[in-house]
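Quick notes on the structure that follows.
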Amino acid sequence: MEAKNKKLQAKDLINVGVFTAIYFVIFFVGMMLGYIPIFIPLLGLVCPILCGIPFMLYLTKVKKFGMVSLTGIILGLINVLIGAGVLVLIFGVIFGILGDLVLKAGKYQSWKCTLLGNGVFSLWIMGYVSRMFLTRTEFFAFLESNYGAEYTATLASYTPNWMFPVLFVVTFIGGILGALLGKAVLKKHFEKAGIA
Numbered sequence: 492m493e494a495k496n497k498k499l500q501a502k503d504l505i506n507v508g509v510f511t512a513i514y515f516v517i518f519f520v521g522m523m524l525g526y527i528p529i530f531i532p533l534l535g536l537v538c539p540i541l542c543g544i545p546f547m548l549y550l551t552k553v554k555k556f557g558m559v560s561l562t563g564i565i566l567g568l569i570n571v572l573i574g575a576g577v578l579v580l581i582f583g584v585i586f587g588i589l590g591d592l593v594l595k596a597g598k599y600q601s602w603k604c605t606l607l608g609n610g611v612f613s614l615w616i617m618g619y620v621s622r623m624f625l626t627r628t629e630f631f632a633f634l635e636s637n638y639g640a641e642y643t644a645t646l647a648s649y650t651p652n653w654m655f656p657v658l659f660v661v662t663f664i665g666g667i668l669g670a671l672l673g674k675a676v677l678k679k680h681f682e683k684a685g686i687a
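The sequence shown maps to residues 492 to 687 in the numbering used here.
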């Protein structure tokens with residue numbers, strides 16, 4: 492009976508679908524800030540904060556390994572379908588699974604692991620940002636053809652190569668801040684879920 496309870500059930504998959512959809516919509520709205528070049532490097536900070544409340548509500552319902560992994564995979568797949576490139580899927584898979592492992596380490600009851608798990612999961616967003624560094628020439632050529640030379644030159648000036656590791660840290664911090672905001676707003680849900 493206990494082994495069966497560890498498998499994902501229909502209710503778990505419904506939660507994955509509903510909360511992944513909500514997360515994506517809020518994330519997509521946050522990404523609209525990217526039309527202003529200076530905000531592109533800050534999206535890793537802004538998007539996890541914006542998504543913090545619904546994602547933390549989701550984490551109060553996550554009690555089995557695989558739910559957060561599936562969320563990362565689905566977010567990656569959706570972004571591939573809308574033309575964001577395969578790096579977003581790779582990062583979604585990696586940081587979805589790593590976030591899930593952190594939550595599992597705390598048996599889905601530890602606030603410390605929930606906080607860290609959200610920070611780690613948020614790093615999937617670096618799949619977007621990585622394109623500016625790992626496929627820089629192609630990425631900026633694509634931007635120039637779609638947004639013009641001025642936008643592209645401005646963004647390139649804001650994202651020198653040394654920014655890549657800095658943006659990982661900024662995104663992780665965004666995930667931590669989003670988790671803190673989510674817990675503050677959803678205090679009763681965390682008490683009911685037994686996350687302390």
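Every residue gets a Cβ at the ideal spot worked out from N, C-alpha and C, and that includes glycine.
Coil, strand or helix - residue i by DSSP
i    : result
K555 : coil
K674 : helix
N570 : helix
N685 : Note on residue identity: the sequence assigns Gly, not Asn, to residue 685. It is coil, neither helix nor strand.
I504 : The question names Ile, but residue 504 in the sequence shown is Leu. L504 falls in the helix class under three-state DSSP.
L668 : helix
W602 : helix
C538 : helix
K497 : coil
Start-to-end residues for the alpha helix (DSSP H) that takes in residue i
i    : result
L594 : 577 to 596
N637 : 627 to 638
I616 : Where I616 is concerned, there is no enclosing alpha helix (DSSP H), given that its DSSP letter is neither H nor E.
Pairwise C-alpha distance: residue j and residue i
i    : j    : result
H680 : S560 : 22 Å
T650 : N570 : 22 Å
I565 : V579 : 11 Å
G610 : T562 : 15 Å
K678 : M623 : 38 Å
Is the region 642 to 653 touching the region 617 to 632 in the sense that three or more CB pairs, one from each, lie closer than 8 Å?
yes
Does the region 512 to 524 come into contact with the region 588 to 599, if we say contact requires no fewer than three beta-carbon pairs (one atom in each stretch) closer than 8 Å?
no
For the region 522 to 542 against the region 665 to 673, are there 3 or more C-beta pairs whose distance is under 8 Å?
yes
Validate contact between the region 615 to 626 and the region 498 to 513 using beta carbons, cut 8 Å, 3 pairs:
no
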